[in-house]
Structures are given as C-alpha cells and as structure tokens.
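Numbering (the numbering used here), first residue to last: 92 to 803.
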C-alpha cells in the first residue's frame, strides 16, 4: 500500500522503487517543489507490473512485481521468484537445497556472479564463497511474504555495486498481514509444505511472525530427503515521517543432491534419466540474520539507513565427473562458515536550482565478510581423503556514490551518477594439498582495488504516454579473494598457471564491465504496459576462480548484446496477460586457445515467457504459464548445444475471503528436456574411459500439488 500526497497543481509521488529503507534506491517524481499541502491519505493498492512507471523509471528495463503476481503463479521452487524478471531463467543442477543456477542477458550467472539480489536490504550474493563467486541462495525466502520485487538490468544504477553488471533485484517483505495465513501443500514425489504467518499490533507498531516447513524427496533415483525450515520475526514502526523495522530470520536445510549426469551413460543404460553418479552427494546449510531499517522524511529531504549482521554456513558434497580420478571417485567437499556485517546510508534532498527541479542523493555502503574454514577437499562417500586447500579470508568492501536527477524540461530529464568502490582481500592459507608451508605462505596475503564507475541516463518524453530512454554506465564484479593471492598450485606447490600457460595466475580483485541501452516504455494502450530495450555490454575479463578445483580460469574479454520486449496487459478486472521475449548474443572478443570459435559457454540466447491469469468474480481462478529457453552453446567451439527447453505449468482453484483451494500442475506436457546441461570430461561407470561430452540435469517430470489456505 502506498500513501499519495497531493501538491498544489501537481501529484507528488515519493515512490521508493527499491529497498529505499535499505539502500536508499529512490526514483522520485517531484514535478514541483512547492511546499506540500497534505490532504487525506489515499490508500492505493499497488499492482506491480501493472503500475504506471512513466516519469519514475530510469530505464526501459526497470520494473516492479508485486505479491499480486505471485498469488496465482505456480512456483515449483524459490529460485523462480527471479523469473518474474523478464528474460531471467532459474534452473537447478543439484538438490533443491542448493542455490539455483541463473541466466540473464547472455550471462551464465552461475549462482549469481553478475546479478545481485537484496532481501530487506541484506545482499544475498556471497563473495569468495566455497562453491562459487557471488553464490546467491534464495531458499531462505518465504514467497507468500514477499511484498514486491523491484528489478533493473545493466550497470546504470549508482546505488548498486558488486555483482550487478547484468542487473539487480530487490525483494521487500511484508510489514503486516491483513489476515493470518495457515497453508498446507501436498504433492507428487513426497512434497509437503506447511506455512503459518500472522501479525499483531504491538505498541504503536506491527509484529509479523511466520514459520515454514518443507519436505521433499523428488523423482530422483536417490531421494533428495530435503528438510527445510524458515522462520521470520519482523517488527515495524511507522510514524508517518519516520519509522523503523527490526527483522530476524532463520533458515536451515539438509538434502541429498542429484547432480548432472553424462548423456552417454543415459544412452547406454548405465544411468536412468533421473539417476545419480554418486548417491552420497548432498549438503547442509544454515542462515541466521538480524537487520534494522530506519527512514525519516522532512519537507524537502529524506534519510534512509539499514544495518545487518548474519551467519551462514555450507557443507556441500558434489561429484560432477564420476570416476576420472580412479575408483575413489571425484567427489569433493566445499565448506565454509561466514559472518557478514554491513550497512547502507543515504541522504536525499529535493531542490530547485537555477529554475530546474532536481533530487540529489549521496550514499555510503559498507560490508565485511569474515569467512572461516573456507575449504576444498577430496572425499569419498562424504569421508575426507585429502585436502586441496583450507583458508580463512576477510573481504571488506566500501562504496560511496552521488546521484543527481534533474528535470530540465517537462519532456527531458537526466540521471547522472558517480560511484566509487574499494575492495580489500585478506587471505590466510591454513593448509593445502601440497603439505608445504611455503605454499601456504605464497598463497596468503592482502590485495585491494579501487574503482570509479560513472553512470548517465537521459529520458525524453512522455508523448502519448510513451518515454524514451538512453543509458550508459560502468559496473564490476569482484573476484574470489583466493584467486587474487594465488601464486602456487595448492595441490603440488608448482607455479600456478592460467589456461593460456602464463605462470602468474593471480587475478585482479575485480573485473569491470561497461554497457549501454536504448529503450521505450509505453502505456499508450489502456491497460497495456510495454517496454522495448536494445542493449550492449562488454566485460573486461571473464575471470572465474574455479572452486571445484582450487585454481583460476581466465577467459578473456567478452561482448554481449541483445533485445528485450515485455508486455503486461490487463484488459479487464478478471483477465491478465503477459508475454516477454529476450534475445541475446554472447561472444568472447578473441577465440580462446584450443577452440575453433568464440562462443561463451552456457550463455542462453533465447528466452520466452508468457502467461494468462483469469480470476472470476465468483472466486474461481486459473493460470496457464509457458517458459522457453534455448540457443545455449556448451563450449567455445559450438560443438555441443543444450537443446531447447519448453515448460508449461497450469494452476486452478477457488478462493473466498477465508479460504483458498488450488491445484498446480507443473510440466503439464511431460517434457524431458534439459533443465541445464554442460560439456566437459567425465567417466562413468567406474573403469570407463574419460571422455568429453554433455552432462545434463533434466527438468522434473509432470507433478501435481494441491494446496489449502485458510485466512483468519
């Protein structure tokens, strides 16, 4: 709910698109800086993608999705929350307890390397993570309590720093509930989920509390045996011109993993489509966080701030290649314990200078990750055989930014930003596979980097409810701290080399990206919100620390470009239609050594998403959704391709004020295509010769889930 205040002659919208209380990410439309004359508060229910962002958004590819879009949308897993971002794909190559694999704008984002996500102001991407840089696990989010998700794409936003070259998403959870929620879901393959959530008035504020339990075995030959718990306790005090929240969350999960398997083993019958090379793969993860948000408004200014602290850990056992190392198998253990603290502060003033109305913001952001027992081990059936590396790491990042939003004319506005970031890595290697103290010393140390990232946007219009956008900017993603101090191979103590044979394999603490975008946003047709964007992005280096091996892979400069078309249409109160199309091309600037072409592996070239939701006045509802992605090369030469994936989901039910019954059918057409695929060397079964080929993780088969929701 948003309170609107009327000015003399103008409508003033201090709408905060983004977690304003967290990162101060505000896009303000202040047509006149006269003293506001406050009238009665008008409560307006926000409609997410149906909201008119003309005069507010900074780019054509920016948007918002509200809980109304989730209410009837079948979600088979938490990662699909990000699929509301047009062009984004969330897949899974392991157990459901692990972070999803994400794809957007020609990026194989792995688990989040170039797409950053915040939940109530807490950054979810983990730097120098045991499993991969930017690891982003959304299993700790309760979908029913997500109030809205704001998103943007490209490196054009001064308020967003690390891991955001492809874009960002900001999730904001509910402050209070109109009614308590008691929900139970049961479905195919032993899926069970229970949710209880409620809020009460406590003093002058509202206390929201919730708990979620989820059990799941899945279709896999080795049952997942996933056991997930989420808890949330949030107190909100809103005194109109100032307020605060205190938010505590807890998450715990354990599971047995089903990683990708060789296509050759499926073809030969050595493995079934839902089989596993190593039944002992799996993991455990815990996350506990405490955060506070504060905001204050004056006549022509506002302050936003948040601070947070969290603890998280992970033990992940994975065998991605079978038996290339011999009869003991290729299983590894990636493990860490992490304490993360940080905060964000922003001050904004609404001014009229030389006759031009403008908003000026300055912000400070800081974060420190203390990572303990950051280890990589060779294991067999979860028993450690040998150490590859073990280290304690501290990563500190500080970001400052200034941003100016000026209305030069009723039809012309600019948004100029300048961001500065400093990264410091402190690595202490405790042990390596070489067993040599000299290797530990050589691979320890401190390295830092400072970066300046300018941003500039020009918005022209509106004419006929249509605006035109032109955006340019620089961004970056940090690299794994261990790679920045690496000098010797941790396995044998030899000089570490990159894939080009260079003896110095140390990588920079960060790699820059730069991009541009031109787009259109139109609401010309009543009820239809459409955007079109043409974009380009260049990355200085595709630098990746390979956590599975403990070495650095340098892939060189890359170029990406593409188009995006989004449509959200609500022709009547009872019918909603949406259709999004994204086409991307990703290529290395030069052909990598040993390759015959310059494809970027696992870059998704085509994404289509479409849906229809019907909500009848008598309470009946139904939704049909289609998702397609394809044109996915799996190696630089284009020898292997993943094939197209098409999924259709159906949901239907009946809702009244106090209860709701629904049936969701996932993958209604029974597709057996790939959820994700890779191309590399593997050997299965034991004794088979190692060979390079496709390894795949299929989509889950047709599944039915029924849900009963009671409100009271």
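Where is the CB? At the ideal position from N, CA and C, for every residue including glycine. Predicted, not measured: the structure shown is a model, and the values here were computed from it.
Residues 620, 659, 661 of the same chain have their beta carbon placed closer than 7 Å to that of residue 141, with the five preceding and five following residues left out of the count. In the structure shown, residue 724 falls within a strand segment according to DSSP collapsed to helix, strand and coil. Rounded to whole angstroms, residue 191 and residue 225 show a C-alpha spacing of 12 Å.
Taking 8 Å as the cut-off, the Cβ atoms of residue 519 and residue 482 count as close. Note on geometry: alpha-carbon atoms of residue 463 and residue 484 lie some 7 Å from one another. A residue is called buried when at least 16 other Cβ atoms come within 10 angstroms of its Cβ; residue 479 meets this threshold and is buried. Between the segment 395–402 and the segment 419–434 there are three or more inter-stretch CB-CB distances shorter than 8 Å, so the stretches are counted as touching. Residue 236 and residue 286 have their alpha carbons spaced roughly 11 Å apart.
When the five nearest sequence neighbours on each side are left out, the beta carbons in the same chain lying within less than 8 Å of the beta carbon of residue 267 are those of 290, 297, 299, 327, in order along the chain. Residue nearest to residue 540 within the set 253, 450, 217, 212 is 253 (criterion: CA-CA distance). Of the residues 410, 553, 654, 668, the one whose Cα lies closest to the Cα of residue 776 is 410. CA-CA distance, residue 799 to residue 354, rounds to 39 Å. Nearest to residue 330 by C-alpha distance, out of 263, 385, 261, is 385.
In the three-state reduction of the DSSP assignment, residue 161 falls in the helix class, which pools H, G and I.
By the criterion of a C-beta distance shorter than 7 Å, residue 549 is surrounded in its chain by 505, 561, once the five residues flanking it on both sides are discounted. Minimum Cα-Cα distance from residue 571 among the listed residues 564, 597, 551 corresponds to 597. When secondary structure is reduced to three states using DSSP, residue 269 falls in the coil class, being assigned neither helix nor strand.
Following the DSSP letters along the chain, one finds residue 532 inside the alpha helix (DSSP H) bounded by residues 528–533. Within the segment 692–741, no run of alpha helix (DSSP H) at least 4 residues long lies entirely inside it.
Straight across, the Cα-Cα distance linking residue 223 with residue 350 is about 16 Å. Residue 248 and residue 579 have their C-alpha atoms spaced approximately 38 Å apart. Beta-bridge annotation (DSSP): residue 364 is not paired with any residue. In this structure, residue 633 lies near residue 647, with their beta-carbon atoms less than 8 Å apart.
Taken in chain order, the unbroken stretches of alpha helix (DSSP H) that lie wholly in the segment 553–593 and span 4 residues or more are 572–576. Runs of the beta strand (DSSP E) lying entirely within the segment 275–311 and spanning at least 3 residues, in chain order: 282–293, 296–307.
Secondary structure note for residue 773: its beta strand (DSSP E) is the uninterrupted segment 765–773. When DSSP states are grouped into helix, strand and coil, residue 166 belongs to the coil group. If you look at residue 260, you'll find it in the beta strand (DSSP E) that goes 258–264.
Distances from the CA of residue 148 to each of 241, 162, 165, 762 were compared; the closest alpha carbon is that of 241. Around the CB of residue 681, fewer than 16 other CB atoms lie within 10 Å, so the residue is classed as exposed. Cβ neighbours of residue 455 within its own chain (closer than 6 Å, five residues either side excluded): 436, 491. Separation of residue 793 and residue 762 (C-alpha to C-alpha, rounded to the nearest whole angstrom) is 8 Å.
DSSP places residue 359 in no beta strand (DSSP E) but in the uninterrupted alpha helix (DSSP H) bounded by 354–359.
Assignment of residue 141 by DSSP, reduced to helix, strand and coil, places it in the helix class. Taking residue 618 as the centre and dropping the five residues before and after it, the same chain places the C-beta of 660, 661, 662 closer than 7 Å to its C-beta, in chain order.
Only exposed fits residue 615, as fewer than 16 other CB atoms lie within 10 angstroms of its CB.
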